[in-house]
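Colleague: At position 343 of the sequence shown (counting the first as 1) the number is 343 in full-length UniProt numbering, and the numbers step up by one without a gap.
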Amino acid sequence: MEYNFFFQVFVFLLGTVIMVPIARFFKLGSVLGYLLAGILIGPSALDLIAYEGHTVMQAAEFGVIMMLFVIGLELEPSKMWRMRKSILGLGGAQLVVTTVLVLCIAMGLGFHWKVGLILGFVMATSSTAMVMQIFSEKGWKDTSAGTNGFSVLLLQDMAVIPIMAIIPLLSDVPMEPNKDIPTFFNDLSSTGQTLLLIGSVTAIILMGRYVLYPLFRLVARFRLREVFTATVLLLIIGVGLLMDMVGLSPALGAFLSGVLLANSEYRHEIETAIDPFKGLLLGLFFIAVGTLIDFGLIYENPLLIIGLVVSILILKGLVIFLLGKLFKMSNSQNFLFSTGLSQIGGFGFVLLSISYATGALSRYITDILMVVVAITMAATPFIMLLSERMVKFLFCPVQIEEKPSAHDVMPEANKVIIAGFGQFGNIIGRFLNAHDVGVTILDNDSDRVDFFRKIGIKIYYGDASRHDLLEIAGAKDAEVIIVALGDREKRMEVIEMVKKHFPHLYILARSESRYDAYDQMNAGIMHIYRETLDTSLRLGTDVLKILGFDENQAKKAANTFLSHDERTLKHLSSIRNDQEYIKAAREVVNELEVIIKADSQAYEKDSD
Numbered sequence: 001m002e003y004n005f006f007f008q009v010f011v012f013l014l015g016t017v018i019m020v021p022i023a024r025f026f027k028l029g030s031v032l033g034y035l036l037a038g039i040l041i042g043p044s045a046l047d048l049i050a051y052e053g054h055t056v057m058q059a060a061e062f063g064v065i066m067m068l069f070v071i072g073l074e075l076e077p078s079k080m081w082r083m084r085k086s087i088l089g090l091g092g093a094q095l096v097v098t099t100v101l102v103l104c105i106a107m108g109l110g111f112h113w114k115v116g117l118i119l120g121f122v123m124a125t126s127s128t129a130m131v132m133q134i135f136s137e138k139g140w141k142d143t144s145a146g147t148n149g150f151s152v153l154l155l156q157d158m159a160v161i162p163i164m165a166i167i168p169l170l171s172d173v174p175m176e177p178n179k180d181i182p183t184f185f186n187d188l189s190s191t192g193q194t195l196l197l198i199g200s201v202t203a204i205i206l207m208g209r210y211v212l213y214p215l216f217r218l219v220a221r222f223r224l225r226e227v228f229t230a231t232v233l234l235l236i237i238g239v240g241l242l243m244d245m246v247g248l249s250p251a252l253g254a255f256l257s258g259v260l261l262a263n264s265e266y267r268h269e270i271e272t273a274i275d276p277f278k279g280l281l282l283g284l285f286f287i288a289v290g291t292l293i294d295f296g297l298i299y300e301n302p303l304l305i306i307g308l309v310v311s312i313l314i315l316k317g318l319v320i321f322l323l324g325k326l327f328k329m330s331n332s333q334n335f336l337f338s339t340g341l342s343q344i345g346g347f348g349f350v351l352l353s354i355s356y357a358t359g360a361l362s363r364y365i366t367d368i369l370m371v372v373v374a375i376t377m378a379a380t381p382f383i384m385l386l387s388e389r390m391v392k393f394l395f396c397p398v399q400i401e402e403k404p405s406a407h408d409v410m411p412e413a414n415k416v417i418i419a420g421f422g423q424f425g426n427i428i429g430r431f432l433n434a435h436d437v438g439v440t441i442l443d444n445d446s447d448r449v450d451f452f453r454k455i456g457i458k459i460y461y462g463d464a465s466r467h468d469l470l471e472i473a474g475a476k477d478a479e480v481i482i483v484a485l486g487d488r489e490k491r492m493e494v495i496e497m498v499k500k501h502f503p504h505l506y507i508l509a510r511s512e513s514r515y516d517a518y519d520q521m522n523a524g525i526m527h528i529y530r531e532t533l534d535t536s537l538r539l540g541t542d543v544l545k546i547l548g549f550d551e552n553q554a555k556k557a558a559n560t561f562l563s564h565d566e567r568t569l570k571h572l573s574s575i576r577n578d579q580e581y582i583k584a585a586r587e588v589v590n591e592l593e594v595i596i597k598a599d600s601q602a603y604e605k606d607s608d
């Protein structure tokens with residue numbers, strides 16, 4: 001059946017709206033809901049999309065591209081260094097062992113070693129999108145299963161770059177020219193194409209250093225959120241287009257761009273800008289995977305396909321489990337880890353497509369493996385659901401929530417967030433850092449962020465009044481937020497947002513004036529710090545000492561004034577807009593004079 005683009009989009013979204021809530025209601029997870037929606041609307045069921053839905057599927061693949069961009073953003077060099085054992089050790093071992101094992105089995109079955117090597121590459125990949133989504137939904141990202149899983153998936157994603165460059169070299173058949181790729185690329189030899197691919201990756205790395213940072217700094221100065229978002233999308237699409245022109249996956253280009261911006265002060269703001277697009281398009285990707293399950297081909301070759309699926313899941317799961325034991329993971333975590341990564345990932349589709357296009361694999365093998373890859377991905381939510389129940393039955397349920405070891409996990413989120421790093425927030429930040437208190441600093445002034453970055457202070461650009469940005473900055477795990485912004489209205493926006501979305505946080509707020517403090521107190525904030533109060537009292541105390549007052553007497557007078565002022569602040573805040581305010585304020589001033597005089601007379605009697 002042929003349908004126009006808008007109908008295809010409507011069907012995809014309708015499937016999402018219906019099937020995902022149903023799957024979540026039965027605690028099956030959203031990923032399985034997307035897959036079921038894809039099967040339902042695909043060619044094997046209602047045939048509402050069939051293979052004419054390629055345009056929507058291309059949009060869905062953009063969600064995977066964005067996800068890999070975000071994964072790259074999270075890979076700060078310092079974090080990667082701390083995770084080097086699990087990335088290079090566990091991840092590298094999984095890739096090598098799985099590839100070599102499949103190669104040996106394929107050669108034993110009579111396949112050429114080149115075909116066996118390609119099959120090994122394909123089988124070694126797992127679905128980053130699916131695994132991380134499931135682990136995130138179940139709250140396992142910070143367990144050893146989650147962190148080690150992330151390390152293995154990361155190594156796989158990075159390894160796909162050279163693998164895609166190697167596959168054309170394994171083909172004995174010249175690759176058919178692609179009209180979408182410039183002629184000069186098609187005219188190059190395999191070695192020349194490989195060198196061009198390496199050169200393109202190098203160009204992206206250099207661009208990140210000398211183009212991206214200044215570009216985002218310039219855009220941030222205009223403080224136009226929609227332009228900032230457009231710049232991020234322009235970057236992802238532009239780099240993806242460049243990679244596609246030289247025959248590489250756009251997803252890999254996006255991943256590299258993310259890595260280059262991982263240490264940027266704009267990291268959190270970038271994540272926030274693309275998060276809505278990523279979530280929706282990633283869901284469409286899972287639906288597209290569901291539509292790829294060709295039940296007709298399964299019907300023609302049931303034993304072969306089912307046998308391959310079961311063999312791959314068992315073989316790969318066993319390899320990962322043994323490696324997990326070698327790296328001293330607990331049994332419960334290792335079980336979740338190995339079953340979670342036992343499927344073949346989305347890059348399997350990419351590698352198979354390239355292999356077929358270069359003539360390295362036949363059409364029959366490619367079609368069979370395409371179905372096998374889709375089925376292993378579709379089976380993953382069921383496998384994880386079963387694995388979770390088995391772990392709860394075989395092991396102590398608490399072990400599922402086990403925290404990872406210090407060697408496997410990135411450091412926990414900082415307990416303190418500072419919103420605003422002007423003169424007020426700067427002093428607080430330096431004081432806390434001097435006492436080894438980790439802080440996450442946010443500021444919406446790009447020039448200020450750039451300056452502090454240059455002098456070695458880790459600060460991020462972003463609007464702290466956005467709850468999605470604070471969530472990315474670690475507000476769910478933090479304990480304290482210091483609202484030190486210079487803009488009075490923006491301070492109140494942050495306070496109201498934090499009270500609504502992160503009620504567990506202690507809010508300590510900067511106040512420029514008494515009226516500012518009234519607003520904050522009426523909003524329920526009890527930790528209010530007026531920036532001129534302490535300094536003014538210190539100055540007043542020094543004046544008294546210069547005029548001959550005893551030092552203790554001057555300090556006592558200041559403490560009396562401060563106690564009285566804080567006590568009356570709450571009362572006056574409740575009537576600040578009433579006609580009674582002036583009268584009450586006059587009474588407070590008179591009351592203070594009486595109290596101070598009484599204290600002064602009492603001090604003089606004690607001195608005598």
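All residues carry an ideal CB built from backbone N, CA and C; glycine is no exception.
1) According to DSSP, is Arg223 helix, strand or coil?
2) Taking the beta carbon of Val20 as the centre, do at least 16 other beta carbons fall within 10 Å, making it buried, or is it exposed?
3) Is it the case that the Cβ atoms of Gln156 and Leu256 are separated by a distance below 9 Å?
4) Tell me whether Arg389 is buried or exposed, calling it buried when 16 or more other Cβ atoms sit within 10 Å of its Cβ.
5) Is Leu68 closer than 9 Å to Gly258 when the C-beta atoms are compared?
6) Within 10 Å of its beta-carbon, does Ile167 have 16 or more other beta-carbons around it, so buried, or fewer, so exposed?
7) Could you say if the region 284-298 and the region 221-241 meet the contact criterion of at least three C-beta pairs nearer than 8 Å?
8) Helix, strand or coil: which one does DSSP assign to Ile455?
9) If you draw a straight line from the C-alpha of Thr125 to the C-alpha of Leu119, how long is it?
10) With a threshold of 6 Å on Cβ separation, who are the neighbours of Gly208 within its own chain once the five nearest residues in sequence on each side are excluded?
11) Return the bridge partner residues of Val480 from the DSSP annotation.
12) Quick check: what's the CA-CA separation for Ser355 versus Leu242?
13) Indicate whether residue 620 and Ile22 have their beta-carbon atoms separated by less than 9 Å.
14) Assuming His268 and Ala473 make a contact with CB atoms under 8 Å, what is their CB distance in whole Å?
15) Please name the residue in Thr191, Leu48, Arg24, Leu36 whose C-alpha comes closest to that of Phe10.
16) Distance check for Ala220 and Ser446, CA to CA, integer angstroms please.
17) Thinking Lys278 and Gly42 are a contact (beta carbons under 8 Å), I'd like their distance in whole angstroms, please.
18) Ordered along the chain, which non-local residues of its own chain (more than five positions away) have a Cβ less than 6 Å from that of Asp408?
19) If you reduce the DSSP assignment to three classes, tell me which class Asp443 lands in.
20) Are the CB atoms of Asp487 and residue 609 within a distance shorter than 9 Å?
21) Within 10 Å of its beta-carbon, does Thr16 have 16 or more other beta-carbons around it, so buried, or fewer, so exposed?
22) Which whole-angstrom value is the C-beta distance of Ile418 and Gly425, which I expect to be below 8 Å?
23) Using the Cβ count rule (16 or more neighbours within 10 Å means buried), how would you classify Ala554?
24) Report yes or no: do the region 311-331 and the region 360-379 share at least 3 C-beta pairs separated by less than 8 Å?
25) Going by beta carbon distance, what residues of the same chain come within less than 6 Å of Lys415, once the five residues before and after it are set aside?
26) In terms of residue numbering, what span does the beta strand (DSSP E) encompassing His467 cover?
27) Could you check whether Ala273 and Phe228 sit closer than 9 Å to each other, using their CB atoms as the reference points?
28) Opposite His527 in the DSSP bridges: which residues?
29) Less than 6 Å between C-beta atoms, sequence neighbours within five positions excluded: which residues of the same chain meet that for Asp294?
30) Checking 9 Å against the spacing of the C-beta atoms, do Val97 and Leu323 come in under that value?
31) According to the Cβ coordinates, are Phe327 and Ser338 closer than 9 Å?
32) I think Ala262 touches Leu470, with their Cβ atoms under 8 Å apart; what is that distance to the nearest whole Å?
33) What is the rounded straight-line gap between the Cα of Phe7 and the Cα of Leu13?
34) Would you check if the distance between the CB atom of Ala523 and the CB atom of Lys499 is smaller than 9 Å?
35) Name the one or two DSSP bridge partners that Tyr461 has.
36) Measuring alpha carbon to alpha carbon, tell me which of Gly422, Ile482, Gln343, Arg453 ends up nearest Val439.
Modeller: Per the coordinate set shown:
1) coil
2) buried
3) Annotated as distal: Gln156 and Leu256, with beta-carbon spacing of 9 Å or more.
4) exposed
5) yes
6) Around the CB of Ile167, 16 or more other CB atoms lie within 10 Å, so the residue is classed as buried.
7) no
8) coil
9) 10 Å
10) Here the set comprises Leu260.
11) Val416, Tyr506
12) 21 Å
13) There is no way to answer for residue 620, as the model of the chain reaches only from 1 to 608.
14) A Cβ-Cβ separation of about 5 Å places His268 in contact with Ala473 under the 8 Å criterion.
15) Leu48
16) 6 Å
17) Lys278 to Gly42, Cβ: 23 Å. No contact.
18) Low per-residue confidence applies at Asp408: pLDDT is 37, beneath 50, and the placement is therefore not dependable enough to give any value.
19) If DSSP states are grouped into helix, strand and coil, Asp443 belongs with the strands.
20) No statement about residue 609 is possible, as the shown extent of the chain runs from 1 to 608 and does not include it.
21) buried
22) 5 Å
23) buried
24) yes
25) Within the same chain, Lys415 has close Cβ partners Ala478, Glu479.
26) Looking at the DSSP string, His467 is not in any beta strand (DSSP E); the run it does join, the alpha helix (DSSP H), is 467-472.
27) yes
28) Leu508, per the DSSP bridge assignment.
29) Val371
30) yes
31) no
32) That belief does not hold up - the Cβ atoms of Ala262 and Leu470 are roughly 19 Å apart, past 8 Å.
33) 10 Å
34) yes
35) Asp443
36) Ile482
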